[in-house]
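Enquirer:
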Amino acid sequence: KEQLCARMLCAEAKVNFQKFRTGQLDANEWQRITNAASTLSNFPIYIDDTTGINILEIKAKARKLLKEIPLGLIVIDYLQLMRSLERKERREQEISEISSGLKALAKELNVPILALSQLNRRVEERADKRPQLADLRESGALEQDADVILFIYRDEFYNKDTPEKGIAEIIIGKQRNGPMGVIKLAYLSHYTSFANLDTSL
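Quick note on numbering: the sequence shown equals residues 1431 to 1631 in the working numbering.
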């Protein structure tokens, strides 16, 4: 939880995360951190880092929060860390239970749910390492339940000589009510954040 808050703080302040971790900031950067902390403190962000949580626990926490504040978005980081309600023969069956449970919760609360997921290792074995739907780990139910599936790809991660340094591709692998395609963003590694290419400088 503390590391996530620190990354959010640095992204908002546009301050190098590694410099922040070591305390090597100048007066201007400390002021930006202070201003960012003030801004973020007004955001209704709730972070729950309970380990091995299951779908019933998430539903209970979300319903409780909804009684206190409006919910604009629920983020799950990440699906494979969640537990199923009971052990099943295959992990795919457990992920299917979790996926359908999150889908039902989104409909019940009328709140979008953004769920992060691991990829299979076979993506590393291909020449073109851009992720595809089939690369989703325990993917069957995820492909079916999700309205939108997005992948992040940075060529720079695999190819140090790429002309696309500092560029991230957001690959729209599925969109139930819209087109698929690729959107390019600037990846600001020092702040661990993304920006539109024309506003990143």
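Glycine residues also receive a C-beta, built at the ideal position from the N, C-alpha and C atoms.
Let me know the secondary structure DSSP gives Glu1538 once reduced to three states.
Expert: Start at 1 with the first residue of the sequence shown, and residue 1538 comes out as number 108. Helix.
Enquirer: Rounded to whole angstroms, what's the CA-CA distance from Pro1542 to Arg1584? Just pull it up for me.
Expert: Position 112 of the sequence shown, counted from the start, is the residue given in the question as residue 1542. Position 154 of the sequence shown, counted from the start, is the residue given in the question as residue 1584. Spanning the two alpha carbons is a distance of roughly 26 Å.
Enquirer: Look at the Cβ atom of Tyr1621, then the Cβ atom of Ala1441, and state whether they are nearer than 8 Å.
Expert: Taking the sequence shown and counting its residues from 1, the one referred to as residue 1621 is at position 191. Taking the sequence shown and counting its residues from 1, the one referred to as residue 1441 is at position 11. A contact, by the Cβ cut-off of 8 Å.
Enquirer: Assign Leu1631 to buried or exposed, taking buried as 16 or more other Cβ atoms, counted over all protein chains shown, within 10 Å of its Cβ.
Expert: Looking up residue 1631 in the sequence shown gives position 201. Here Leu1631 scores only 46 on pLDDT, less than 50, and its place in the model should not be relied on; the value that follows carries that caveat. Classification for Leu1631: exposed.
Enquirer: Rounding to the nearest angstrom, what Cα-Cα distance links Leu1572 and Ile1602 in this structure?
Expert: What you label residue 1572 is simply residue 142 of the sequence shown in a count that begins at 1. What you label residue 1602 is simply residue 172 of the sequence shown in a count that begins at 1. For Leu1572 and Ile1602, the distance between alpha carbons rounds to 14 Å.
Enquirer: Does the Cβ of Gln1448 have 16 or more other Cβ atoms within 10 Å, making it buried, or fewer, making it exposed?
Expert: Here residue 1448 corresponds to residue number 18 of the sequence shown, with the count starting at 1. Under this definition Gln1448 is an exposed residue.
Enquirer: Please report the residue range of the alpha helix (DSSP H) in which Lys1518 lies.
Expert: For the purposes of this step, residue 1518 is identified with residue 88 of the sequence shown, where counting begins at 1. Note, Lys1518: premise wrong, no alpha helix (DSSP H); not H, not E.
Enquirer: Can you find the residues in the same chain that come closer than 7 Å, C-beta to C-beta, to Arg1567, ignoring five residues on each side of it along the sequence?
Expert: Stepping through the sequence shown from its first residue, residue 1567 is reached at position 137. For Arg1567, where only same-chain residues beyond five positions count, the Cβ hits under 7 Å are Gln1510, Ser1547, Gln1548, Leu1549, Asn1550.
Enquirer: Would you report the Cα separation of Met1610 and Ala1545, rounded to the nearest angstrom?
Expert: By one-based count along the sequence shown, residue 1610 stands at place 180. By one-based count along the sequence shown, residue 1545 stands at place 115. One C-alpha to the other measures close to 19 Å.
Enquirer: What residues match up with Gln1562 in a beta bridge as DSSP calls it?
Expert: On the sequence shown, residue 1562 is found 132 positions in, with the first residue counted as 1. According to DSSP, Gln1562 bridges with nothing at all.
Enquirer: At the level of alpha carbons, what is the spacing between Glu1527 and Gly1596?
Expert: Residue numbering aside, residue 1527 sits at position 97 when the sequence shown is read from its first letter. Residue numbering aside, residue 1596 sits at position 166 when the sequence shown is read from its first letter. In a straight line, the C-alpha of Glu1527 is about 38 Å away from that of Gly1596.
Enquirer: Is it true that the stretch 1448-1459 meets the stretch 1501-1517, where meeting means three or more beta-carbon pairs spaced less than 8 Å apart?
Expert: No, because fewer than three Cβ pairs between the stretch 1448-1459 and the stretch 1501-1517 fall closer than 8 Å, the two stretches do not touch.
Enquirer: Thinking just about the alpha-carbon of each residue, which of Glu1522, Ile1483, Lys1614, Val1445 is nearest to the one in Arg1462?
Expert: Counting from one through the sequence shown, the residue named residue 1462 turns up at place 32. Considering only alpha carbons, the answer is Val1445.
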